[in-house]
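**Student:** First residue of the sequence shown? That's 3 in the numbering used here, and the numbers climb one at a time after it. Each residue gets a CB set at the ideal place from its N, CA and C atoms; glycine is no exception. Fair warning: this is a prediction, and the values are worked out from it, not measured in the lab. My questions all concern the structure below.
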Amino acid sequence: LRLRMWDFAQCDPKRCTGARLAKRGKLQRMPLKQPFRGIVLSPRGEVSVSPADAMILEQSGMSLIDCSWARLDEIPFRQMQSGHHRLLPFLVAANTVNYGRPSKLSCAEAGAATLYICGRKEAAKSLLKEFSWGDEFLKLNGELLELYSSCDTADDVVTRQNEWLEKNE
3 LRLRMWDFAQ
13 CDPKRCTGAR
23 LAKRGKLQRM
33 PLKQPFRGIV
43 LSPRGEVSVS
53 PADAMILEQS
63 GMSLIDCSWA
73 RLDEIPFRQM
83 QSGHHRLLPF
93 LVAANTVNYG
103 RPSKLSCAEA
113 GAATLYICGR
123 KEAAKSLLKE
133 FSWGDEFLKL
143 NGELLELYSS
153 CDTADDVVTR
163 QNEWLEKNE
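Next comes the structure, spelled out in structure tokens:
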């Protein structure tokens, strides 16, 4: 399974989950202009990650964009046109920087969520075990991850997400 990352070096190196995963050989950094045909987790995506993406994940892998949420406007998204840009459905962060914040996931959380939703639960757990809060992410989001991974399409994921949010407001 090819796991890649565009690293914009905006994060605190001591807290950067992408850097830790790269250092431990769980993913590889790649240059900005390197073509990539897999899933790209991006706030510029227009389609949610879903189990329908499993084939793309298996064949071409996944790339993360390692940047600061506070500095998104500095990211040259136009140079990342290759690949299948995807958004994540509603999930809650468990990392130490954004604990409890909806949709403010670290690279590790975003990557693990994508793997989980696409049916690669053991690979997701393998990424998360690198962090003391990894199990907490699964506890906080277990119901949602199971819900999303039981869907067929991106539209199903969004529908289920909205139903869950309405029920739990």
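#1: Would you mind giving the Cβ-Cβ distance between L117 and L129, rounded to the nearest angstrom? I have them listed as a contact below 8 angstroms.
#2: Going by beta-carbon coordinates alone, are R88 and L43 separated by less than 8 angstroms?
#3: Please determine, among N170, K141, F133, the residue with the shortest C-alpha to C-alpha distance to R26.
#4: Tell me the residue span of the beta strand (DSSP E) that contains R88.
#5: Q30 by DSSP, collapsed to three states: which one?
#6: Can you name the start and end residues of the beta strand (DSSP E) that V42 belongs to?
#7: I need the DSSP call for S152, collapsed to helix, strand or coil.
**Tutor:** Considering the structure as presented:
#1: Position 115 of the sequence shown holds residue 117. Position 127 of the sequence shown holds residue 129. 7 angstroms between Cβ atoms; contact.
#2: In the sequence shown, residue 88 corresponds to position 86, counting from 1. In the sequence shown, residue 43 corresponds to position 41, counting from 1. Result yes, Cβ atoms of R88 and L43 sit closer than 8 angstroms.
#3: What you label residue 26 is simply residue 24 of the sequence shown in a count that begins at 1. Among N170, K141, F133, the Cα nearest to that of R26 is on F133.
#4: Here residue 88 refers to the residue found at position 86 when the sequence shown is read from its first residue. First-last of the beta strand (DSSP E) with R88: 86 to 88.
#5: Here residue 30 refers to the residue found at position 28 when the sequence shown is read from its first residue. Of the three classes helix, strand and coil, the one that applies to Q30 here is strand, per DSSP.
#6: By 1-based counting over the sequence shown, the position of residue 42 is 40. Residues 41 to 43.
#7: What you label residue 152 is simply residue 150 of the sequence shown in a count that begins at 1. Coil.
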